[in-house]
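Asker:
Numbering (UniProt numbering), first residue to last: 1 to 561.
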């Protein structure tokens with residue numbers, strides 16, 4: 001096409017797509033009618049709306065479609081964006097115009113009204129009436145009515161109690177705020193530091209601490225206190241200075257009989273506290289659908305024996321980083337959105353492909369879907385059923401589970417539902433457990449067995465798994481499709497510039513001679529000068545000659561090839 005003709009055609013297309021008066025009018029109308037509601041005393045917001053409406057008014061002379069802004073319906077929508085006080089003033093102005101001038105309000109009248117109100121609201125001297133009234137209220141507030149907030153500084157235990165009237169006279173003697181504790185001596189040792197920071201008081205047994213505080217504030221009851229403090233360590237309702245650290249007895253003194261247990265790392269774990277347990281005790285733990293399995297990578301002979309948790313509450317399959325290292329495989333790093341028990345968080349993980357799993361016989365391996373790695377799975381060895389516990393139920397005699405001393409390093413979700421398929425079911429009797437035979441072996445559900453807890457206030461971990469995984473890359477692409485739906489239908493795979501260059505080179509340079517195709521080397525540049533490797537080629541042919549002379553069978557096979 002001739003350049004001059006193409007230029008005119010391009011201008012014509014631009015005029016049609018971006019200069020069409022009806023499209024311009026529609027864009028102005030939509031923005032004016034969909035403007036967000038302006039908050040009271042928001043002078044800057046009102047000024048922005050005023051400037052846009054003025055541009056609409058000046059464009060009305062050139063675009064006929066904008067004259068619809070003079071209609072009563074559109075004027076009411078524009079007025080609805082104003083604060084209530086301005087809507088009330090506009091109503092009075094409209095009534096005045098109809099009484100005195102005998103004409104209806106127009107878009108021009110509304111623009112002039114909003115301009116005047118925005119100017120008044122942004123007046124440099126009298127415009128900001130909101131801040132002045134607020135500051136006067138703050139100045140008039142008595143000091144005794146200052147609200148207690150976290151920003152007012154850390155407080156001692158004394159500030160969290162409601163004092164009886166007869167004790168208020170002693171307030172000047174002891175002091176009740178930490179911000180004055182530096183000026184007044186400590187309540188306990190009478191040195192120049194805050195009461196909460198008194199190391200001497202912290203070293204005392206907890207019972208002595210409570211007795212001391214009772215002597216200072218006699219009659220105070222914790223249940224009726226309206227200003228109960230939260231511990232900065234455990235976030236419970238007691239002062240931080242009375243916190244008892246794990247591994248210590250009731251008096252805060254270390255107790256060698258108490259062994260603490262680490263908290264579960266996964267948010268899918270729910271801890272149920274039992275305050276009656278102390279030292280070594282027995283508790284009943286419900287087992288989960290955990291089976292011993294063999295795991296390997298496809299096209300590899302290395303097999304790892306471990307336990308797998310068949311979790312119908314998970315939409316993805318996981319393995320531990322430890323299992324990944326044992327199989328000596330690598331994965332693609334990614335970030336996933338992990339949803340557990342109403343919590344959502346971004347987790348760094350890696351995607352492992354090609355894993356296969358089988359029962360302990362190892363006769364048939366099943367392929368696993370893409371597996372995400374995690375440091376730890378939300379189950380422990382306490383949830384593994386034992387053959388001893390199964391044998392207590394006579395109707396489960398045919399259920400045999402191989403005992404394996406290994407951790408649970410695989411979690412199989414519903415995206416591998418074929419591995420959870422029930423081949424045989426043994427129903428429960430007398431509120432007992434039931435068994436399901438799957439391709440990976442027998443799984444027991446509802447089996448209670450004894451577990452040993454060696455800690456005070458033992459936490460029995462109750463698994464409430466509902467794991468949902470979404471790849472952030474997929475979510476990002478989905479968001480793009482929602483923002484630009486018109487491009488989703490046109491999306492298709494295309495060749496890159498280098499791909500097209502390669503295909504063009506092959507099409508133009510290929511040769512067919514004696515039943516063979518001859519193709520050039522795909523260099524990016526045309527004038528490539530190859531190095532002279534005559535010496536290397538000569539050395540190679542000499543070495544090959546010696547090898548053929550020594551090995552007759554190799555010579556025959558090489559010649560035939």
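Even for Gly, the Cβ is constructed at its ideal location relative to N, Cα and C.
1) Please classify residue 95: does DSSP put it in a helix, a strand, or coil?
2) To the nearest angstrom, how far is it from the Cα of residue 103 to the Cα of residue 112?
3) I'd like to confirm the pairing. Which residues does DSSP put opposite residue 410 in its beta bridges?
4) Measuring CB to CB, does residue 414 end up less than 8 Å from residue 377?
5) Assuming residue 108 is part of the alpha helix (DSSP H), what are its boundary residues?
6) Using a Cβ-based criterion (distance less than 7 Å to any ligand heavy atom), does residue 375 qualify as near the ligand GDP?
7) To the nearest angstrom, report how far apart residue 95 and residue 17 are at their CA atoms.
8) If you draw a straight line from the alpha carbon of residue 424 to that of residue 243, how long is it in whole angstroms?
9) Here's a check: name, in chain order, each residue in its chain whose Cβ is nearer than 8 Å to the Cβ of residue 328, leaving out the five neighbours to either side.
10) In this structure, does DSSP put residue 334 in helix, strand or coil?
11) Quick one: Cα of residue 29 to Cα of residue 367, how far?
12) I need the DSSP call for residue 58, collapsed to helix, strand or coil.
13) Should residue 528 be labelled buried (16 or more other beta-carbon atoms within 10 Å of its own) or exposed?
14) Would you report the Cα separation of residue 397 and residue 339, rounded to the nearest angstrom?
15) With C-beta atoms as the reference, is residue 383 less than 8 Å away from residue 317?
16) Could you tell me which uninterrupted beta strand (DSSP E) segments, each at least 3 residues in length, are contained entirely in the segment 396-445, listed from first to last along the chain?
17) Which residues does DSSP pair with residue 448 in a beta bridge?
18) Helix, strand or coil for residue 176, going by three-state DSSP, please let me know.
19) Quick check on DSSP: helix, strand or coil for residue 516?
20) Using 10 angstroms around the beta-carbon of residue 210, count the other beta-carbons present and answer buried if the total reaches 16, otherwise exposed.
21) Does the beta-carbon distance from residue 306 to residue 407 come in below 8 Å?
22) Please determine, among 353, 428, 93, the residue with the shortest C-alpha to C-alpha distance to residue 105.
23) On the three-pair Cβ rule with 8 Å, is the segment 505-513 touching the segment 529-540?
24) If you run the structure through DSSP and keep just helix, strand and coil, what is residue 297?
25) Skipping 5 residues on each side, what residues in its chain have a beta carbon closer than 7 Å to that of residue 608?
26) When we look at the beta-carbon of residue 189 and count the other beta-carbons within 10 Å, is it buried (16 or more) or exposed?
27) Using 10 angstroms around the beta-carbon of residue 81, count the other beta-carbons present and answer buried if the total reaches 16, otherwise exposed.
28) Rounded to the nearest angstrom, what separates residue 477 and residue 114 at their Cα positions?
29) Using alpha carbons as the reference points, say which of 38, 389, 386 lies closest to residue 86.
30) To the nearest whole angstrom, what separates the beta carbons of residue 412 and residue 399, a pair I think is in contact under 8 Å?
31) Applying the 10 Å Cβ sphere with the 16-neighbour rule, what's the burial state of residue 552?
32) DSSP on residue 243, reduced to helix/strand/coil?
33) So, with DSSP's three-state summary, where would you put residue 3?
34) Would you decide whether residue 98 is buried or exposed? Buried here means 16 or more other CB atoms lie within 10 Å of its CB.
35) What distance in whole Å lies between the Cβ atoms of residue 52 and residue 32, which are believed to be in contact at a cut-off of 8 Å?
Answerer: So, from the data block:
1) helix
2) 16 Å
3) 308, 319
4) no
5) 107-121
6) Looking at this structure, you won't find the ligand GDP or any other ligand, since it has none at all.
7) 43 Å
8) 53 Å
9) 302
10) strand
11) 58 Å
12) helix
13) exposed
14) 39 Å
15) no
16) 408-412, 424-426, 434-438, 441-445
17) 286
18) Per-residue confidence for residue 176 stands at a pLDDT of 39, beneath the threshold of 50, marking its modelled position as unreliable; the derived number appears in the next sentence. Note: residue 176 maps to coil in three-state DSSP.
19) strand
20) exposed
21) yes
22) 93
23) no
24) strand
25) The question about residue 608 has no answer, for the chain in this structure spans 1 to 561.
26) exposed
27) buried
28) 43 Å
29) 38
30) So it is not a contact: roughly 20 Å between Cβ atoms.
31) exposed
32) coil
33) helix
34) exposed
35) 7 Å
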